[in-house]
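Trainee: Here it is, the structure in full.
In the working numbering, the protein residues as written are 237 to 567.
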């Protein structure tokens with residue numbers, strides 16, 4: 237099998253490395269100099285310093301070359317550039333080739349999930365083969381070979397089974413799930429909650445506070461995910477609770493790091509300027525609130541995250557959340 241991985245950031249490179257253990261992989265990098273460096277050194281030090289990549293993994297800055305003969309396409313492009321890159325690739329994509337998104341974000345203005353963007357850009361593409369790979373998957377830990385699990389979600393179970401074998405390794409279990417909406421929404425929404433968790437860490441709150449925040453965040457993202465058609469069971473699994481926990485507690489999470497810096501009083505513009513990777517939660521938060529309003533879903537944590545991103549003091553977030561009227565836990 238030949239796999240094209242579009243996007244050579246930390247997670248795209250990691251997934252390419254996983255697939256290269258059982259498939260012929262072409263990794264597309266936007267910058268020619270990065271593709272050249274990967275091929276010359278066998279490493280991607282811009283995003284995964286210290287890790288050697290499989291010898292069978294070849295990088296290219298030519299989309300056509302990356303997609304030529306691909307039996308599966310993996311999109312690892314940030315949400316704000318996803319549509320543009322896919323539009324450039326469209327002429328090279330066969331309508332029956334599975335397309336799997338790694339992007340845990342939502343498109344601004346359209347409010348679309350990435351699988352919806354794929355269907356919009358490629359209206360003749362087989363919808364049963366459009367899906368996501370998601371779960372509690374911090375790139376550096378996966379590259380280190382630490383035990384972990386992920387979820388491949390596509391509507392066609394045969395495609396899911398075939399792709400499971402591509403990404404599964406001795407240290408990564410890959411489960412299948414046909415609930416594309418639920419898996420995709422869980423992955424997008426948890427980034428917003430990770431910003432809040434990072435803020436709590438930045439304010440030096442302890443484990444009681446973190447447990448409270450994560451639990452209520454799960455309830456919040458589950459409400460919107462179900463309202464949009466997701467299966468409730470999905471949010472209790474790897475794509476939901478698993479990914480939420482990992483992203484909310486780990487310093488390896490970009491969204492968590494942004495939240496910590498906000499909690500420490502740093503300006504958002506300065507935080508973003510210092511990063512060479514995208515924190516999807518920053519761009520996703522306003523989209524989430526628009527979707528919540530459309531579906532009449534209350535999301536107080538997401539609202540407070542948005543307020544902080546707009547300049548409200550982080551300490552006011554706590555007062556707003558703790559000062560809400562009492563209610564039953566399941567309400």
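Note that the Cβ used here is the ideal one computed from N, Cα and C, for glycine as well.
As the structure is a computational prediction, the values presented were derived from the model and not from experiment.
Let me check understanding here. Comparing Cα to Cα, which of 484, 483, 455 lies closest to residue 470?
Mentor: 455
Trainee: If you run the structure through DSSP and keep just helix, strand and coil, what is residue 260?
Mentor: strand
Trainee: Assuming contact is defined by CB atoms lying nearer than 9 Å, are residue 369 and residue 399 in contact in what I supplied?
Mentor: yes
Trainee: Which complete beta strand (DSSP E) runs does the region 348-387 hold, if anything under 3 residues is left out?
Mentor: Residue ranges of uninterrupted beta strand (DSSP E) with 3 or more members, entirely inside the region 348-387 and ordered along the chain, are 366-370.
Trainee: Who are residue 288's beta bridge partners in DSSP?
Mentor: 279
Trainee: Taking the continuous alpha helix (DSSP H) assigned at residue 402, which residues delimit it?
Mentor: 393-403
Trainee: State the DSSP-derived secondary structure class of residue 444, mapped to helix, strand or coil.
Mentor: helix
Trainee: Considering Cα atoms alone, identify which of 504, 519, 462 is closest to residue 532.
Mentor: 462
Trainee: Which one of 263, 521, 287 has the shortest CA to CA distance from residue 244?
Mentor: Shortest Cα-Cα distance from residue 244 to any of 263, 521, 287 involves 263.
Trainee: Taking the C-alpha atoms as reference points, what is the distance between residue 289 and residue 354?
Mentor: 29 Å
Trainee: Take every Cβ of the region 337-355, pair it with every Cβ of the region 512-520, and state whether three or more of those distances are shorter than 8 Å.
Mentor: Taking a contact to require three or more Cβ pairs closer than 8 Å, the region 337-355 and the region 512-520 qualify as touching.
Trainee: Identify whether residue 296 lies in helix, strand or coil by the three-state DSSP scheme.
Mentor: strand
Trainee: Which of the three DSSP states is assigned to residue 246 in this structure?
Mentor: helix
Trainee: Can you give the Cα-Cα distance for residue 287 and residue 267, rounded to whole angstroms?
Mentor: Near 20 Å, if we compare the C-alpha coordinates of residue 267 and residue 287.
Trainee: Alpha carbon to alpha carbon, how far is residue 561 from residue 297? Give it in angstroms, no decimals.
Mentor: Rounded to whole angstroms, the gap between the alpha carbons of residue 297 and residue 561 is 54 Å.
Trainee: Considering only the beta carbon of each residue, do residue 374 and residue 426 sit closer than 9 Å?
Mentor: Result no, Cβ atoms of residue 374 and residue 426 do not sit closer than 9 Å.
Trainee: Taking just the CA atoms, how far does residue 378 sit from residue 237?
Mentor: 22 Å
Trainee: In the DSSP assignment, find the beta strand (DSSP E) that holds residue 410 and state where it starts and stops.
Mentor: DSSP places residue 410 in the uninterrupted beta strand (DSSP E) bounded by 408-413.
Trainee: Rounded to the nearest angstrom, how far is the Cβ of residue 419 from that of residue 475, given a contact under 8 Å?
Mentor: 4 Å
Trainee: Do you know whose CA, among 359, 347, 337, lies nearest residue 367's CA?
Mentor: 337
Trainee: Helix, strand or coil: how does DSSP classify residue 238 here?
Mentor: strand
Trainee: Could you pull out every residue in the same chain whose Cβ sits closer than 7 Å to the Cβ of residue 542, ignoring the five residues on either side in sequence?
Mentor: 521, 522, 525
Trainee: Less than 6 Å between C-beta atoms, sequence neighbours within five positions excluded: which residues of the same chain meet that for residue 409?
Mentor: 385
Trainee: Within a Cβ cutoff of 8 Å, which residues of the same chain sit near residue 568, ignoring the five residues on either side of it in sequence?
Mentor: There is simply no residue 568 to check, as the chain begins at 237 and stops at 567 in what is shown.
Trainee: What residues match up with residue 310 in a beta bridge as DSSP calls it?
Mentor: 241, 336, per the DSSP bridge assignment.
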